[in-house]
Each structure stands twice: as C-alpha cells, then as structure tokens.
Amino acid sequence: MHPHHPLRLVERDHHYGDRACNICRDLIEGLSYRCELCGFDVHPICTQLPETLNHILHQFVLKN
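Residue numbering for the sequence shown follows our numbering, starting at 435 and increasing by one per position.
Written out as structure tokens, the structure reads:
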C-alpha cells in the first residue's frame, strides 16, 4: 500500500492534528501506521484489505 517509505506504528498524537486514514478516509482515533516522510496514515485493519476487489456490481456496470 505504501512501498516507497517505511511505516511506523504510532499512537494518536495531537501534534499531528486530526488525521484520516489514506485507505478508508475515516478519522484515526488510536493506533495507525504512519510515514513520516510524506504524511501517509493507515489504520492497522486497513492494511489487511486487498489492493484490488472484484464485485458482481462491477460486471453489471461495465455491461451497461
């Protein structure tokens, strides 16, 4: 999800202000992985999501 720089597990820090997960866009309330170099933030659970997803509705949309 972020191969360019290392990610570090951090606790929510008010120093950074309100941050949103770069994957799901929800606010980060507790732990997250953070790239200090570019400000990339991600919930630990969001790191378990697949990079691509095939859904039956995608096929329907493509046919119409």
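Don't be surprised by glycine CBs; every beta carbon is placed ideally from N, CA and C.
As the structure is a computational prediction, the values presented were derived from the model and not from experiment.
- Spatial neighbours of Pro478 in its own chain (CB-CB distance under 8 Å, excluding positions within 5 residues in sequence) are listed in chain order as Leu443, Leu465, Ser466, Tyr467.
- Residue pairing by DSSP places Cys469 opposite Phe474 in a beta bridge.
- For Leu461, the beta-bridge partners assigned by DSSP are Ala454.
- Cβ atoms of Cys480 and His439 stay farther apart than 8 Å, at about 17 Å.
- By the C-beta density criterion, Asp475 is buried, having at least 16 other C-beta atoms within 10 angstroms.
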